[in-house]
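**Q**
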């Protein structure tokens, strides 16, 4: 099953988890220090919360979670055929998970990732690397027009 991902910067992870648990009537899928995610069935959404009180915006990044690496590869091919540049990250530790993913930037600069989770890991992948105006998690390539950081 594919689902859209919305990653938000939040000032207080505990307060945000409490609010979104009530809003979506579901408990988080994963909670770690400064991080939580919800795998919401209705509406199909992967909500990611990243504690970053210094962020100048609540927006972090967007994504599409897919079921397999084959779907990530297929998305890369489809986007390349459509003339869009992507950046690959394979077997990257990010958001307390091992992931294969690609990144693509929208015309207005919003970072989108298409990713699959290969397994859980105990590290966050440096969620808040960079300045407060950089997204916390982003692709390895400036060539697609996105700010640089470490992951997610």
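Numbering (the working numbering), first residue to last: 131 to 282. The beta-carbon is built from N, C-alpha and C at its ideal position, and this holds for glycine as well.
Please name the residue or residues paired with residue 168 in a DSSP beta bridge.
**A** Paired residues: 177.
**Q** Can you tell which of 243, 199, 144 and 135 has its C-alpha closest to the C-alpha of residue 162?
**A** For the residues 243, 199, 144 and 135, the minimum Cα distance to residue 162 belongs to 144.
**Q** Quick one, which of 239, 215 and 246 has its alpha-carbon nearest residue 224's?
**A** Taking only the C-alpha atoms, the option nearest residue 224 is 246.
**Q** Is there contact between the stretch 211 to 223 and the stretch 147 to 163, where contact requires at least three CB pairs shorter than 8 Å?
**A** They do not touch, by the three-pair rule.
**Q** Can you have a look at residue 193 and say buried or exposed, based on whether 16 or more other CB atoms are within 10 angstroms of its CB?
**A** Buried, since its Cβ has 16 or more Cβ neighbours within 10 Å.
**Q** From what residue to what residue does the alpha helix (DSSP H) around residue 211 run?
**A** Start and end: 199 to 211.
**Q** How big is the Cα-Cα spacing for residue 134 and residue 149?
**A** Cα to Cα, the separation comes out at about 20 Å.
**Q** What did DSSP end up calling residue 238 once you bin it into helix, strand or coil?
**A** Correct three-state label for residue 238: coil.
**Q** Helix, strand or coil, according to DSSP, for residue 250 in the structure here?
**A** In the structure shown, residue 250 sits in a strand (DSSP, three-state: E or B).
**Q** Between residue 208 and residue 232, how many whole angstroms is the CB-CB distance? I'm expecting something under 8 Å.
**A** Not confirmed; about 10 Å, so no contact.
**Q** For residue 141, which residues in the same chain have their Cβ closer than 6 Å to its Cβ, ignoring the five residues on either side in sequence?
**A** These residues qualify, in order along the chain: 183.
**Q** Would DSSP call residue 196 helix, strand or coil?
**A** In this structure, residue 196 counts as coil in the three-state DSSP scheme.
**Q** May I ask which residues mark the beginning and end of the beta strand (DSSP E) holding residue 284?
**A** Here the chain comprises residues numbered 131 to 282, so residue 284 is not present and cannot be evaluated.
**Q** In whole angstroms, what is the alpha-carbon distance linking residue 131 and residue 185?
**A** For residue 131 and residue 185, the distance between alpha carbons rounds to 31 Å.
**Q** Look at residue 138 and residue 177 and say whether their C-beta atoms are less than 9 Å apart.
**A** Their beta carbons are under 9 Å apart, which means residue 138 touches residue 177 by this criterion.
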